[in-house]
Amino acid sequence: MTLSNYNFDAVKSLIRVLNSGIDFYKKAASETTDNRYNDVFSRMITEKVRAIALLQPFVVADEGSIEEGNALAVEIRESYTHLIGMFKKDNIHLYLSQLEELEDKVLEKVNKALATTVPAPCEAALYQIKERMKLCHDEMRTLDVITQ
């Protein structure tokens with residue numbers, strides 16, 4: 001079976017959410033000068049970049065080009081957070097809450113991709129990504145809870 005026999009739509013959707021997540025974490029980092037948050041945000045960005053790097057070869061092999069898009073739902077969440085944050089004195093809590101929601105979305109997309117039929121190496125990459133993204137999610141949840 002060649003890669004063209006597989007449907008990579010769920011993988012591409014995951015990549016779009018990861019791309020948007022990177023942008024959202026960068027925006028959140030620009031909104032705070034607290035190194036404790038910026039260190040976490042940097043780790044989250046790094047994990048998402050790694051996940052994309054694991055998945056892009058499958059998309060390229062299937063379509064001939066990388067997936068560069070973003071997820072509209074995450075973009076809307078980022079805009080909402082920014083808008084509401086303009087009216088709040090301390091908007092880091094708002095960002096943390098929304099970033100935890102982003103991590104929920106990432107895990108949802110990973111699970112959707114795992115529910116599809118993909119080549120074994122892609123499936124292995126998705127399981128590896130799921131483990132890493134679960135750690136990211138748990139860290140964001142913990143950070144959100146301890147800062148409330």
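The sequence shown begins at 1 in UniProt numbering and counts up by one. The beta carbon of each residue, even a glycine, is placed where N, CA and C say it ideally should be.
Sorted by chain position, which residues of the same chain lie with C-beta nearer than 8 Å to residue 107's C-beta, five sequence neighbours on each side aside?
-> Indexing the sequence shown from 1 puts residue 107 at position 107. Answer for residue 107: 130, 133, 134, 137, listed in chain order.
Proximity of residue 40 and residue 101 at Cβ, strictly below 8 Å | Within the sequence shown, numbered from 1, the residue matching residue 40 stands at position 40. Within the sequence shown, numbered from 1, the residue matching residue 101 stands at position 101. No, the Cβ-Cβ distance between residue 40 and residue 101 is not below 8 Å.
Rounded to a whole number of angstroms, what is the C-alpha to C-alpha distance between residue 150 and residue 11?
-> The question about residue 150 has no answer here: the residues shown for the chain are numbered 1 through 148.
What residues in its chain sit with their C-beta under 6 Å from that of residue 114, if we drop five residues either side in the sequence?
-> Position 114 of the sequence shown, counting from 1, holds the residue named residue 114. So the list reads 126, once near-sequence residues are dropped.
Per the contact definition of three or more C-beta pairs closer than 8 Å, is the region 13 to 25 in contact with the region 51 to 63?
-> yes
In angstroms with no decimal places, state the Cα-to-Cα distance between residue 35 and residue 55.
-> Here residue 35 refers to the residue found at position 35 of the sequence shown. Here residue 55 refers to the residue found at position 55 of the sequence shown. Cα to Cα, the separation comes out at about 30 Å.
Could you tell me how far apart the beta carbons of residue 67 and residue 59 are, in whole angstroms, since I believe they sit closer than 8 Å?
-> Counting from one through the sequence shown, the residue named residue 67 turns up at place 67. Counting from one through the sequence shown, the residue named residue 59 turns up at place 59. Confirmed, about 5 Å.
For the alpha helix (DSSP H) holding residue 58, just list the boundary residues, first then last.
-> Here residue 58 refers to the residue found at position 58 of the sequence shown. Unbroken alpha helix (DSSP H) run through residue 58: 35 to 63.
Leaving out the 5 sequence neighbours to the left and right, which residues in its chain are closer than 8 Å to residue 123 when beta-carbon positions are compared?
-> Position 123 of the sequence shown, counted from the first residue, corresponds to residue 123. The answer, listed in chain order, is 114.
Taking the CB atoms as reference points, tell me whether residue 96 and residue 144 lie closer together than 8 Å.
-> As a first step, residue 96 must be located in the sequence shown, where it is residue number 96. As a first step, residue 144 must be located in the sequence shown, where it is residue number 144. Taking 8 Å as the Cβ cut-off, residue 96 and residue 144 qualify as a contacting pair.
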